[in-house]
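Working notes, structure below.
Next comes the structure, spelled out in structure tokens:
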């Protein structure tokens, strides 16, 4: 299974995410994306085709046909914003295709709140050796292949 970039940014190893739950791979493995500081807002797209398993303003999970859940967390500690700066375009249970627009994020709101815009993208419960990622520190455009997962 290939997981695509939900937004454009610089590829960051999960171990460098400023949150121990993600950095230590407690929920699964993958990578993170750091949106460019020049970006004020982004449209977040589906990283895989599947069903929206969970939808919150700051995060979502898409369940691929294989059963794997892909979690995208939009920023760190952004739950504190209580949805401010996030526009959700989908609902739980919706079927989506990779690349479909799912949310819009006002990065200015995130950054002005003193929060990190770093966006972890993980396959829930995946082993670290199941992930084959692109080169670290590479710039990736939304919709491009981000990493492969062997399930």
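In UniProt numbering, the protein residues as written are 1 to 151. From the three backbone atoms N, C-alpha and C, an ideal C-beta is built for every residue, glycine too.
Item: Within the stretch 89 to 143, ranges of the alpha helix (DSSP H) (whole runs, at least 4 residues); Value: 107 to 112
Item: Residue 21, enclosing alpha helix (DSSP H) - first and last residue; Value: 20 to 23
Item: Close-in-space but distant-in-sequence residues of the same chain around residue 109 (CB under 7 Å, 5 per side omitted); Value: 81, 84, 85
Item: Sequence ranges, beta strand (DSSP E) only - wholly within the stretch 44 to 81, length at least 3; Value: 50 to 56, 59 to 63, 69 to 73
Item: Distance between beta carbons of residue 119 and residue 65, contact taken as under 8 Å; Value: Not confirmed; about 24 Å, so no contact.
Item: Same chain only: Cβ atoms within 7 Å of residue 97, ignoring 5 sequence neighbours per side; Value: 46, 49
Item: Selection from 3, 143, 69, 9 that minimises the alpha carbon distance to residue 41; Value: 9
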